[in-house]
Every structure is written in C-alpha cells, then in structure tokens.
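Residue numbers (the working numbering): 1356 to 1582.
Quick notes on the structure that follows.
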Amino acid sequence: MPTIDWLKQEFDYGYDSGDVLSLAPNDTRIQEENLVGGSYREVFLKAVVPHLKPDAKVLELGPGKGSWSRAILNYIPEGELQVVDFQDVKQWLHPENYGGRLTCHIAKDNSFSAVEDDYFDFFWSFGVLCHNNVENIAQILKNSLSKLKPGALAIHQYADWNKLDDYGWEKGGIPLNFQQKPDDQIWWPRNNRATMASIAQKAGWSVITADLGLVERDSMIVLRRLG
C-alpha cells in the first residue's frame, strides 16, 4: 500500500497537526498528541528550535497543511524554508504571504531533484517516514543527503514497532491486524530503531541518535551529513 501512487492519493486532503506552538492545543492537536504519547510543542522546542538560526535554510518533507512549516518560519525571520510534497501545498501554506521565504515544490518521486545540492542547514519531517516502507525510506535518505550542507542535521519521525508494542496498538491508533499483513498492504510499515539506523548509515548519514525519546509511540532519528 505505501507506494508512491498511494501516498499521492491518500494525503490529498492535507494532513493537519494543529498549531504546534500554542500553549493550549486545539482539538486536532490533542487527538494527535494522545495517539503519539507526547507534546508537539515540546517536540518542536526541543528537536527543532535548537537547530534554527534566524537565517537558516530549512528543507521539510511532506508538510501537508503546514503545521510544522508555520512554526519553523516563525524562527527563521531572515531564513528560508523549502518544502517538498506530493501535493500542491501552496493552497494551504500560501507562500505569497512570506516575502519569498517559503518555496513549495511538488514532487513526482523521491529524487529531490527540485532542490539544490549543498544548500540546506536543517532537514525535517514529521508524520512522513512512518507511512513509507524501508525501500522508500532508503531512497529518501540517499537522495536527500547531497541537498544538505556538510555538517548539517536532519531529524525525522518514523514508525517504531518495538515502541508501538510497549505503548499499545489500540492506544496508538494503529490496527492490530497489521501485524499479520505484509508491508505493501498497510499504511504503517514495519520499522524500528536498529533498522532505521542501518538504513541511514547505508545511505551515507552519520547517526547521532536513533531516537530522541520525545514521544512514546514513535521514534525520531537525528542524522548528520559529514563533510
């Protein structure tokens, strides 16, 4: 099921995580945070903000309706955000409101051909790699590596079935019958910290940590592009 064609169709409505910076989360964010077992505000402040300089150039994969994108733009007033999505996200992100600081690319594949090499200071995704099988993730990590500057960091949330077992499938909103189905028939393919770290290393990344430990259901890997 997690083919590129399926991903293009499944999220055409634009995924929304709510306002990730608000002190009081709205209903959308409350529901999401209950599923993942963590605070999106805490995730952003601890995982993203420390790596954002005012003039940073940031790449985001799969922004959907732009919950994380808008938060990032708040912290890079002199910087630039480029987002890559299978959908035309301009209808939700309205780049015309950001004075050239936001560029939205429509992807046809996982090549990242629309963005420059050696350009970005930070690469971010949340709610994206969890819907990709390991073959797709390998493509994404391999093809995105050259887009970052040497020394730049990437942080990605991904599905971790080991953590999901501990957290609870029903509590996490993932159907229990996925355990008996192959990855190409489910929207939450198998992955864990050891697998994800191996994929990243084979793609050429240096793994800083396989999980930041900020949410209970999923993992968030921190990667660095070496020089």
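Note that the Cβ used here is the ideal one computed from N, Cα and C, for glycine as well.
From a predicted model like this one, the values you see are computed outputs, not experimental measurements.
Subject >> When Gly1421, Val1570, Arg1456, Trp1423 are compared against Glu1435, the one with the closest alpha-carbon >> reply: Taking the sequence shown and counting its residues from 1, the one referred to as residue 1435 is at position 80. Considering only alpha carbons, the answer is Arg1456.
Original post:
Residues bridged to Phe1475 by DSSP?
Top reply: Counting from 1 along the sequence shown, the entry for residue 1475 is found at position 120. Phe1475 is bridged to Leu1503.
**OP:** Below 8 Å on the Cβ atoms is my guess for Val1391 versus Ile1427; work out the distance and round it to an integer in Å.
**Re:** Mapped onto the sequence shown, residue 1391 falls at position 36. Mapped onto the sequence shown, residue 1427 falls at position 72. Not quite, the Cβ-Cβ distance comes to about 19 Å (not below 8 Å), so this is no contact.
Original post:
Any chance the stretch 1505 to 1512 sits against the stretch 1523 to 1535, with 3 or more Cβ pairs inside 8 Å?
Top reply: no
Original post:
Beta-carbon separation of Asp1521 and Glu1451 under 9 Å?
Top reply: Within the sequence shown, residue 1521 is the residue found at index 166, counting from 1. Within the sequence shown, residue 1451 is the residue found at index 96, counting from 1. It is not a contact, given that the beta carbons lie outside the stated cut-off.
**OP:** Please list, in chain order, all residues of the same chain as Asn1429 whose beta carbon is under 8 Å from its beta carbon, the five residues on each side excluded.
**Re:** Here residue 1429 refers to the residue found at position 74 of the sequence shown. Excluding positions up to five away in sequence, the list reads Leu1376.
Original post:
Cys1485 to Lys1463, Cα distance in whole Å?
Top reply: For the purposes of this step, residue 1485 is taken as the residue at position 130 of the sequence shown. For the purposes of this step, residue 1463 is taken as the residue at position 108 of the sequence shown. Computed Cα separation, rounded: 19 Å.
**OP:** Can you tell me the Cβ-Cβ gap for Phe1477 and Ala1411, rounded? I've got them flagged as a contact below 8 Å.
**Re:** The residue labelled residue 1477 in the question sits at position 122 within the sequence shown. The residue labelled residue 1411 in the question sits at position 56 within the sequence shown. Indeed, because the Cβ distance is near 6 Å, the residues count as touching under 8 Å.
Original post:
What three-state label does DSSP hand Lys1412 in the structure shown?
Top reply: On the sequence shown, residue 1412 is found 57 positions in, with the first residue counted as 1. Of the three classes helix, strand and coil, the one that applies to Lys1412 here is strand, per DSSP.
Subject >> Same chain, Cβ closer than 7 Å to Gly1393, neighbours up to 5 away in sequence not counted >> reply: The residue you call residue 1393 lines up with position 38 of the sequence shown. Closer than 7 Å at the Cβ level, and outside the excluded window around Gly1393, lie Leu1569, Val1570, Glu1571.
Original post:
Within 10 angstroms of its Cβ, does Glu1388 collect 16 or more other Cβ (buried), or is it exposed?
Top reply: As a first step, residue 1388 must be located in the sequence shown, where it is residue number 33. Answer is buried; the Cβ neighbour count reaches 16.
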